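K.L.:
The sequence shown begins at 148 in the numbering used here and counts up one residue at a time.
Glycine included, each C-beta is placed from N, C-alpha and C at the ideal position.
All values reported here derive from a predicted model rather than from experimental measurement.
Encoded as C-alpha cells, here's the structure I'll be asking about.
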Amino acid sequence: MIDIITRGLAYVLYLLGIVTVAAVWALSSCCPSRPDIRSQTNEGVPAERENSTPQQSELPSEPLLNASPDRFVLFPIRYHDRLAFGRPKKSTSQKDISHWNHRLTSDERYFISHVLAFFAASDGIVNENLVERFAAEVQVPEARCFYGFQIAMENIHSETYSLLIDTFVKDPQERHHLFNAIETVPCVRKKAGWALRWITDTAAPFSVRLVAFAAVEGIFFSGSFAAIFWLKKRGLMPGLSFSNELICRDEGLHTDFACLLFDHLVSKPDATVITRIVTEAVSIEQEFLSEALPVSLIGMNAFLMCRYIEFVADRLLTSLGCNKFYRTQNPFDFMEMISLQGKTNFFEKRVSEYSKAGFASAATRDQPL
C-alpha cells in the first residue's frame with residue numbers, strides 16, 4: 148500500500164514538473180525578452196532610484212576587509228575576542244629569560260632576534276599562499292584536508308614566535324622593529340618579497356609555484372632552525388629550543404607534502420626550472436644569514452651556515468627528482484643528530500606536542516601513547 152502511494156506521489160510531482168515547464172515556455176514566448184541588465188546604462192532610471200544605492204566610495208570603510216601589510220604578523224593582537232580558541236601555551240621559562248639576558252652575547256641576541264623576526268612573518272606568508280592560491284586550486288579533498296591542518300599549524304607557529312619576541316625583547320621600539328621586519332629589515336624584506344612574488348604571479352603554473360613554496364619552507368626556514376638547534380647543542384634557551392623542535396618537525400612535514408604532491412603531477416617543470424628556483428632561494432637565504440650573522444660566534448658563522456643551506460638545497464632537489472647542484476657536505480653534525488633522534492623516538496615515546504591552552508593536564512601529558 149505504501150509503495151502504491153509513493154509511486155502515485157512521484158507521478159503527481161512528475162506531472163507538475165511538466166506543467167511548470169510548459170507554463171514557463173508559454174510565458175517566455177508571449178512576453179518580450181528582458182534586456183540584459185549588465186549592459187544597461189543609467190539612462191531612463193529615475194534620479195531617486197539611481198541614487199538609492201550608495202557608491203562604493205561612499206560606503207564606510209570596513210576594517211575587517213581592509214588589506215594591510217600587518218596581516219602577516221599576529222602580534223600585537225587587537226581582537227582578543229576573535230582569538231578565543233585553542234592557542235599555544237607560553238613555552239619559555241625564567242631560565243630562557245636568564246639565558247637571553249646574561250648568557251647570550253649581544254651578537255647572539257642580534258642573530259636570534261633576526262631569526263625570530265623572519266619566523267614571525269613567514270608563517271603568515273605561507274598561509275597567504277595556501278588561502279589565496281593552493282587551497283583553491285587543488286581539487287583533491289585529501290590534499291585540502293592537509294592544507295586545512297597546515298593553515299592551523301602555521302597560525303600556531305606565528306603566534307609562538309611572536310610570543311617569543313614579546314618575551315625576550317622588552318624595548319618597545321626594537322619590538323616594533325622586529326614585528327615589522329618585512330618592512331624594516333632589508334634581508335627579511337627580500338625573503339618575504341620573493342615568496343610574495345610567487346603568490347601574485349598569475350602566469351606561473353601551479354607546478355612551478357609548488358616548487359617555489361617547497362623552497363620557501365625547505366630552504367628559507369632551514370638556516371633559522373639550525374641557528375636555534377645550535378643554542379640547544381650548547382644547553383641554552385630550553386623553552387625556545389623546545390618550540391623550535393616542534394615547529395621544525397611541522398615544517399619538514401609541509402615540505403615533504405609539497406614534494407609528495409609534486410610526484411603526483413602529470414606535467415612537471417623542467418629540471419632546469421626547478422634548479423633555478425631552488426638556487427635563487429639559496430642565494431637569498433645566504434644573503435639573509437650573512438646579514439643576520441655579521442660576526443663569527445662559537446661554533447657558528449655565516450660561511451658554515453651558507454654551506455648548510457647548500458646541503459639542504461641538494462636534499463630538496465633530489466626530493467623533487469633533480470640532480471644535486473652544490474654537492475656540499477653537512478657542516479653541522481648536531482643537525483644530523485637532531486634528525487636521527489626525531490625518527491627513532493617518534494613511536495617510542497610520547498612526542499613533544501602542542502596543547503590547547505587550558506585543556507592540558509599533567510596526568511594527560513605523562514600518559515604513554
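Considering just the uninterrupted stretch of the alpha helix (DSSP H) at residue 215, what are its terminal residues?
P.N.:
Unbroken run through residue 215: none, as it is neither H nor E.
K.L.:
Inspect the CB distances between the stretch 393 to 402 and the stretch 420 to 431 and report whether three or more fall short of 8 Å.
P.N.:
No, they do not touch.
K.L.:
When DSSP builds the beta bridges, which residues end up paired with residue 300?
P.N.:
The partner list for residue 300 (beta bridge, DSSP) is empty, contrary to what the question assumes.
K.L.:
Taking residue 368 as the reference, give the member of 355, 287, 342 with the closest Cα.
P.N.:
Among 355, 287, 342, the Cα nearest to that of residue 368 belongs to 342.
K.L.:
Please return the same chain residues whose Cβ sits closer than 6 Å to the Cβ of residue 302, not counting the five positions on each side in sequence.
P.N.:
Once the five neighbours on either side are set aside, residue 302 has no close Cβ partner at all.
K.L.:
Between which two residues does the alpha helix (DSSP H) harbouring residue 337 extend?
P.N.:
That run of the alpha helix (DSSP H) goes 333 to 347.
K.L.:
Going by DSSP, what residues sit across from residue 447 in a beta bridge?
P.N.:
Per DSSP, 444.
K.L.:
Buried or exposed for residue 333, going by 16 or more other Cβ atoms inside 10 Å?
P.N.:
Residue 333 comes out exposed.
K.L.:
For residue 432 and residue 409, what's the separation of their Cα atoms in angstroms?
P.N.:
Whole-angstrom Cα-Cα distance: 23 Å.
K.L.:
Is the distance from the Cβ of residue 479 to the Cβ of residue 361 below 9 Å?
P.N.:
Result no, Cβ atoms of residue 479 and residue 361 do not sit closer than 9 Å.
K.L.:
Using the beta-carbon count (16 or more within 10 Å), is residue 313 buried or exposed?
P.N.:
Label assigned to residue 313: buried.
K.L.:
Would you check if there are 3 or more beta carbon pairs closer than 8 Å linking the stretch 292 to 311 to the stretch 254 to 268?
P.N.:
Touching, yes, given that three or more Cβ pairs across the two stretches are closer than 8 Å.
K.L.:
In whole angstroms, give me the CA-to-CA distance for residue 483 and residue 364.
P.N.:
Rounded to whole angstroms, residue 483 to residue 364 spans 19 Å at the Cα level.
K.L.:
Tell me whether residue 350 is buried or exposed, calling it buried when 16 or more other Cβ atoms sit within 10 Å of its Cβ.
P.N.:
The residue is exposed, with fewer than 16 neighbouring Cβ atoms inside 10 Å.
K.L.:
Quick one: what does DSSP say residue 257 is sitting in, helix, strand or coil?
P.N.:
Note: residue 257 maps to helix in three-state DSSP.
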